[in-house]
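J.: Top to bottom, those sequences are chains A and B. Going by numbering that gives the first Met the number 0, the residue at position 55 of the first sequence is 54; the numbering climbs one at a time, nothing skipped. Going by numbering that gives the first Met the number 0, the residue at position 192 of the second sequence is 191; the numbering climbs one at a time, nothing skipped.
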Amino acid sequence: MRNPRPRLALVVLACGSCRGLPDGAHVSLPNAAAGIGFDDLRYSASLHRVLAPAGRTGTLDLIDPDSLAVSTVRGFSATDGYDGGHDFGATSVDEGGGLLFVTDRTSLRLDVVDPKAGTIVAGTGLGDSPDYVRFVAVTNEVWVTEPSASRIEIFSVSRDTPPAVASVGVIAVTNGPESLVIDQRAGRAYSHRWQSSTVVLDVRTRAVLGEWPNGCAASRGLAVDEARGFFYAGCDEGTVSVLDAAHGGRLLSSMARGAGYDVIGYAPALGHLYLAGAACSCLVVLGVSSAGVLSFLGRFVATPSTHCAAADDAGHAWVCDPDGGRLLRIDDPYPASW
Amino acid sequence: MRHRALSAAVAVASCMHASPAAGDAPARRVELGASLGYGLPLGDAERGSRVSDTTFGDLLLAVDAGYRLTRRVGIAVHAHYGIAIPTLCATASDCEASLGSDVGLELVARFYPPRMGPFAPLVDVGMGYEWLTTRLVDSGAESSRSYSGPVFVAARLVAPVALGERWSLGPVLDGSYGTFTSFGLRTTAQSFSGDVPWRSPHAWLSFGIRAGVVF
Numbered sequence: 000m001r002n003p004r005p006r007l008a009l010v011v012l013a014c015g016s017c018r019g020l021p022d023g024a025h026v027s028l029p030n031a032a033a034g035i036g037f038d039d040l041r042y043s044a045s046l047h048r049v050l051a052p053a054g055r056t057g058t059l060d061l062i063d064p065d066s067l068a069v070s071t072v073r074g075f076s077a078t079d080g081y082d083g084g085h086d087f088g089a090t091s092v093d094e095g096g097g098l099l100f101v102t103d104r105t106s107l108r109l110d111v112v113d114p115k116a117g118t119i120v121a122g123t124g125l126g127d128s129p130d131y132v133r134f135v136a137v138t139n140e141v142w143v144t145e146p147s148a149s150r151i152e153i154f155s156v157s158r159d160t161p162p163a164v165a166s167v168g169v170i171a172v173t174n175g176p177e178s179l180v181i182d183q184r185a186g187r188a189y190s191h192r193w194q195s196s197t198v199v200l201d202v203r204t205r206a207v208l209g210e211w212p213n214g215c216a217a218s219r220g221l222a223v224d225e226a227r228g229f230f231y232a233g234c235d236e237g238t239v240s241v242l243d244a245a246h247g248g249r250l251l252s253s254m255a256r257g258a259g260y261d262v263i264g265y266a267p268a269l270g271h272l273y274l275a276g277a278a279c280s281c282l283v284v285l286g287v288s289s290a291g292v293l294s295f296l297g298r299f300v301a302t303p304s305t306h307c308a309a310a311d312d313a314g315h316a317w318v319c320d321p322d323g324g325r326l327l328r329i330d331d332p333y334p335a336s337w
Numbered sequence: 000m001r002h003r004a005l006s007a008a009v010a011v012a013s014c015m016h017a018s019p020a021a022g023d024a025p026a027r028r029v030e031l032g033a034s035l036g037y038g039l040p041l042g043d044a045e046r047g048s049r050v051s052d053t054t055f056g057d058l059l060l061a062v063d064a065g066y067r068l069t070r071r072v073g074i075a076v077h078a079h080y081g082i083a084i085p086t087l088c089a090t091a092s093d094c095e096a097s098l099g100s101d102v103g104l105e106l107v108a109r110f111y112p113p114r115m116g117p118f119a120p121l122v123d124v125g126m127g128y129e130w131l132t133t134r135l136v137d138s139g140a141e142s143s144r145s146y147s148g149p150v151f152v153a154a155r156l157v158a159p160v161a162l163g164e165r166w167s168l169g170p171v172l173d174g175s176y177g178t179f180t181s182f183g184l185r186t187t188a189q190s191f192s193g194d195v196p197w198r199s200p201h202a203w204l205s206f207g208i209r210a211g212v213v214f
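In structure tokens:
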């Protein structure tokens, strides 16, 4: 198709390398002036809150997606300095069973937060430096990736109040694990190797079910659509692939837009993927059809330090801005990709 | 439209060659040039994907060969090879392996404006074709994007200073405007290629230094 707006071409070119001001509503987080090393961004439908482990600030921040009001849970490792990295304090979170599970990369602890009380109620030490924490509902466990030890550490969570948390095992993932997502419906966990493939695990038996080529030179984020049986692999180089989880990880579609992706967001109700990249200073929105075919929907201006995105259930994409110590809420204007 | 522009340039060149004024014939008609430079990308490789997403720019090596029809007009062909610097790579060896390429071929009309002090400028205007490949290699795993398409307008301004009777040296400012019509995506799992469905313009703005010799 020809460019529909040729007269705008020169204007577009003139601004071809402009980054511009980031799009969306900006949510500054507490004590964030120096910047925050975000490394995870989640949304809890049951709490109706975006969950932002706020790194060096020593807090877990919960953001109301409508009012943008921020509440904080304190008690994690804190420091005033920000070095541009994301290796200090609380860096990953997940919600499950009415609790929040937070890993602290400095104290090397897994903390359990009661979101109603807004306090840490339990915790335990980690075997190695944590990357991502995810709750496994069917086993009432918490899985924590520990890339420097090339393993996933598994913690049981008792149903007591407060719960007792204990390490109960590890799964070795050589050349990984990078990122982690749980398909609660299928009882599977997915984690990347650093290059080229994704390891598929049975959450009950902890057995490796398979290893799927994911198309990535540098594997990064991932997501699942439990209802449609799709697995999404995001790559640092800007490629995203859709794999058919119900048929051995058959590759359904790939697309390359932007670059520098890490944590990716997915809105299952819309079939939209959100990809925030530092190399492009952008948020790219892709649609996934019922056949698993990707389509480009749009691109927004983000910031040069962004590398994580999340989706809420109210039609918003959330983008982290580490250097700005804030989140961007971008309204998704595109119709559902069914 | 691009055909008309080139046709007009060639027609002007031909007319001026067909009826040269007395004393208008240049003493030396053939000129060769080579230049080194750096190119900055602007615009989109395709809709949603800027050229600058995957490359900071090109280290350019270009060569040209021209034939002077009159004192003021000639024709020339250009070829360039650019080393595309990747925006992403983790280690020195990965960055070296991730270097991409930008290759271009252009046919241009060459104009020789009057001298300006020590400079004997030349201006090239034409069109051509471009092939761009960017890649990321991570610990041996490689993914690449390739694009190709027409260059609608390529323009170049060179301001050489004579270095003796035959040689010259001077700065060059170069710009090109085009669109990619074909793409290729090679991942670690599969390769895809096809027509770019939603084309979008891009440009390169380059600067460098050129050495020339006439025969």
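All C-beta atoms, glycine included, are put in the ideal place defined by N, C-alpha and C.
1) Cα separation between PHE55 (chain B) and ALA202 (chain B)?
2) Classify GLY22 (chain B) as buried or exposed, calling it buried when 16 or more other Cβ atoms lie within 10 Å of its own Cβ.
3) Which of the three DSSP states is assigned to ASP331 (chain A) in this structure?
4) Kindly say whether GLU233 (chain B), judged by its beta-carbon, lies nearer than 8 Å to any beta-carbon of chain A.
5) Out of B:HIS79, B:ARG67, B:GLY193, B:GLY73, state which residue places its alpha-carbon closest to the alpha-carbon of ALA255 (chain B).
6) Go ahead and pull the three-state DSSP assignment for ASP93 (chain B).
7) Which residues bound the beta strand (DSSP E) around TYR128 (chain B)?
8) Does the distance from the CB of ARG158 (chain A) to the CB of GLU94 (chain A) come in under 8 Å?
9) Please tell me whether GLY237 (chain A) and THR53 (chain B) are closer than 8 Å, where the distance is taken between their beta carbons.
10) Can you list the residues of chain B that GLY237 (chain A) reaches, using a CB-CB cut of under 9 Å?
11) Assuming LEU28 (chain A) and VAL92 (chain A) make a contact with CB atoms under 8 Å, what is their CB distance in whole Å?
12) Quick one: is SER175 (chain B) near chain A, going by C-beta distance under 8 Å?
13) Taking a Cβ distance cut-off of 8 Å, strictly less, list which residues of the region 188–204 of chain B are near chain A, in chain order.
14) Check for me: the beta strand (DSSP E) holding PRO170 (chain B) runs from which residue to which?
15) Pull up the distance between the alpha-carbon of VAL156 (chain A) and that of LEU125 (chain A), whole angstroms please.
16) Measure from the C-beta of THR186 (chain B) to each C-beta in chain A and report whether the shortest distance is under 8 Å.
17) If we ignore side chains and look at the alpha-carbon of each, how far apart do PHE110 (chain B) and VAL212 (chain B) end up?
18) Judging by CA-CA distance, which residue of A:LEU208, A:SER240, A:THR90, A:PRO114 is the nearest neighbour of LEU108 (chain A)?
19) Is the Cβ of GLY214 (chain A) closer than 8 Å to any Cβ of chain B?
20) Given a cut-off of 8 Å, decide if VAL241 (chain A) and LEU251 (chain A) are closer than it, judged by their beta-carbon atoms.
21) Roughly how many angstroms separate the alpha carbons of CYS307 (chain A) and THR105 (chain A), rounded to a whole number?
22) On the DSSP bridge list, what partners appear for ARG155 (chain B)?
23) Under the three-state reduction of DSSP, which class applies to SER128 (chain A): helix, strand or coil?
24) Helix, strand or coil: how does DSSP classify ALA202 (chain B) here?
25) So with CB distances below 7 Å, who are the chain B contacts of GLU257 (chain A)?
26) Going straight from the alpha carbon of VAL107 (chain B) to that of LEU184 (chain B), what length do you get?
27) Under 8 Å between C-beta atoms, does PHE37 (chain A) make it to chain B?
28) Are ASP137 (chain B) and GLN194 (chain A) touching if we call contact CB-CB under 8 Å?
29) Tell me, which residues are paired with CYS281 (chain A) by DSSP?
30) Compute the distance between the beta-carbons of ILE181 (chain A) and VAL169 (chain A), then report whether it is under 8 Å.
31) Please identify, using Cβ separations under 7 Å, the residues of the region 267–301 of chain A that lie next to chain B, in order along the chain.
32) Enumerated in chain order, which unbroken segments of the alpha helix (DSSP H) with a length of 4 residues or greater are wholly contained in the region 17–101 of chain B?
33) Please list, in chain order, the residues of the region 79–103 of chain B that have any C-beta partner in chain A closer than 8 Å.
34) Between LEU221 (chain A) and chain B, is the shortest Cβ-Cβ distance under 8 Å, so that the two count as touching?
35) With a cut-off of 8 Å on the beta carbons, I'd call GLY125 (chain B) and ALA153 (chain B) a contact; round off their distance for me.
36) On the three-state DSSP scale, how would you describe SER252 (chain A)?
T.: The answer reads as follows:
1) The sequence position of residue 55 (chain B) within the second sequence is 56, counting from 1. The sequence position of residue 202 (chain B) within the second sequence is 203, counting from 1. Spanning the two alpha carbons is a distance of roughly 13 Å.
2) On the second sequence, position 23 is the one that residue 22 (chain B) refers to. For GLY22 (chain B), the pLDDT reaches just 49, beneath the cut-off of 50, and the residue's location in the model is therefore unreliable, leaving the point undetermined.
3) On the first sequence, residue 331 (chain A) is found 332 positions in, with the first residue counted as 1. In the three-state scheme derived from DSSP, where H, G and I count as helix and E and B as strand, ASP331 (chain A) is classed as coil.
4) Past the edges of chain B, shown from 0 to 214, lies residue 233 (chain B), and the structure says nothing about it.
5) Residue 255 (chain B) is absent from the model: chain B starts at 0 and stops at 214.
6) For the purposes of this step, residue 93 (chain B) is identified with residue 94 of the second sequence, where counting begins at 1. Of the three classes helix, strand and coil, the one that applies to ASP93 (chain B) here is helix, per DSSP.
7) Taking the first residue of the second sequence as position 1, residue 128 (chain B) is located at position 129. For TYR128 (chain B), the enclosing beta strand (DSSP E) begins and ends at 121–137.
8) One-based indexing of the first sequence puts residue 158 (chain A) at position 159. One-based indexing of the first sequence puts residue 94 (chain A) at position 95. No.
9) As a working mapping, residue 237 (chain A) is identified with position 238 in the first sequence. As a working mapping, residue 53 (chain B) is identified with position 54 in the second sequence. Yes, the Cβ-Cβ distance between GLY237 (chain A) and THR53 (chain B) is below 8 Å.
10) Taking the first sequence and counting its residues from 1, the one referred to as residue 237 (chain A) is at position 238. Think of a sphere of 9 Å around the beta carbon of GLY237 (chain A): the chain B residues whose beta carbon falls inside it are SER48, ASP52, THR53, LEU87, LEU135, SER142, ARG144, in chain order.
11) The residue given as residue 28 (chain A) occupies position 29 in the first sequence. The residue given as residue 92 (chain A) occupies position 93 in the first sequence. Not confirmed; about 14 Å, so no contact.
12) Your numbering for residue 175 (chain B) matches position 176 in the second sequence. Not closer than 8 Å to any Cβ of chain A, the Cβ of SER175 (chain B) fails to qualify, so no.
13) Taking 8 Å as the Cβ-Cβ cut-off against chain A, the residues of the region 188–204 of chain B that qualify are ALA188, GLN189, PHE191, PRO196, TRP197, ARG198, SER199, PRO200, HIS201, ALA202.
14) Locating residue 170 (chain B) in the second sequence gives position 171, counting from the first residue. Element bounds for PRO170 (chain B): 166–178.
15) Counting from one through the first sequence, the residue named residue 156 (chain A) turns up at place 157. Counting from one through the first sequence, the residue named residue 125 (chain A) turns up at place 126. One C-alpha to the other measures close to 14 Å.
16) Position 187 of the second sequence, counting from 1, holds the residue named residue 186 (chain B). For THR186 (chain B), the answer is yes, since a Cβ of chain A falls inside 8 Å of its Cβ.
17) Counting from one through the second sequence, the residue named residue 110 (chain B) turns up at place 111. Counting from one through the second sequence, the residue named residue 212 (chain B) turns up at place 213. Using only the alpha carbons, I get a separation of about 16 Å.
18) Looking up residue 108 (chain A) in the first sequence gives position 109. One point to set straight first is that residue 108 (chain A) is Arg, not Leu, in the sequence displayed. It is A:THR90 whose Cα lies nearest to the Cα of ARG108 (chain A).
19) Numbered from 1 along the first sequence, position 215 holds the residue referred to as residue 214 (chain A). By this cut-off, GLY214 (chain A) is an interface position.
20) In the first sequence, residue 251 (chain A) corresponds to position 252, counting from 1. In the first sequence, residue 241 (chain A) corresponds to position 242, counting from 1. Cβ distance < 8 Å, so LEU251 (chain A) and VAL241 (chain A) count as in contact.
21) Sequence index remark: in the first sequence, residue 307 (chain A) carries index 308 (1-based). Sequence index remark: in the first sequence, residue 105 (chain A) carries index 106 (1-based). Straight-line spacing of the CA atoms in CYS307 (chain A) and THR105 (chain A) works out to 20 Å.
22) Indexing the second sequence from 1 puts residue 155 (chain B) at position 156. In DSSP, ARG155 (chain B) forms a bridge with B:ASP123, B:ASP173.
23) Within the first sequence, numbered from 1, the residue matching residue 128 (chain A) stands at position 129. Of the three classes helix, strand and coil, the one that applies to SER128 (chain A) here is coil, per DSSP.
24) For the purposes of this step, residue 202 (chain B) is identified with residue 203 of the second sequence, where counting begins at 1. Three-state result, ALA202 (chain B): strand.
25) Counting from one through the first sequence, the residue named residue 257 (chain A) turns up at place 258. Correcting the residue type first, residue 257 (chain A) is Gly in the shown sequence and not Glu. Going along chain B in sequence order, the residues near GLY257 (chain A) (Cβ under 7 Å) are SER48, ASP52.
26) Start at 1 with the first residue of the second sequence, and residue 107 (chain B) comes out as number 108. Start at 1 with the first residue of the second sequence, and residue 184 (chain B) comes out as number 185. Taking the straight line joining both Cα atoms gives about 31 Å.
27) Residue numbering aside, residue 37 (chain A) sits at position 38 when the first sequence is read from its first letter. Answer no: the Cβ-Cβ gap between PHE37 (chain A) and chain B never drops below 8 Å.
28) Within the second sequence, numbered from 1, the residue matching residue 137 (chain B) stands at position 138. Within the first sequence, numbered from 1, the residue matching residue 194 (chain A) stands at position 195. Yes, Cβ-Cβ distance for ASP137 (chain B) and GLN194 (chain A) is below 8 Å.
29) Numbered from its first residue, the first sequence carries residue 281 (chain A) at position 282. When DSSP reads this structure, CYS281 (chain A) sits in a beta bridge with A:GLY276, A:VAL300.
30) The count along the first sequence starts at 1 and reaches residue 181 (chain A) at position 182. The count along the first sequence starts at 1 and reaches residue 169 (chain A) at position 170. No.
31) Cβ contacts with chain B: ALA278, CYS279, VAL283, PHE295, ARG298.
32) For the alpha helix (DSSP H) assignment, the uninterrupted runs of no fewer than 4 residues enclosed by the region 17–101 of chain B are, from N- to C-terminal side, 91–96.
33) Taking 8 Å as the Cβ-Cβ cut-off against chain A, the residues of the region 79–103 of chain B that qualify are THR86, LEU87, ALA89.
34) Working through the first sequence from its first residue, we reach residue 221 (chain A) at position 222. Closer than 8 Å: no.
35) Counted from its first residue, the second sequence places residue 125 (chain B) at position 126. Counted from its first residue, the second sequence places residue 153 (chain B) at position 154. Contact holds; Cβ gap of about 5 Å.
36) As a first step, residue 252 (chain A) is located in the first sequence; it is residue number 253 there, counting from the start. In this structure, SER252 (chain A) counts as strand in the three-state DSSP scheme.
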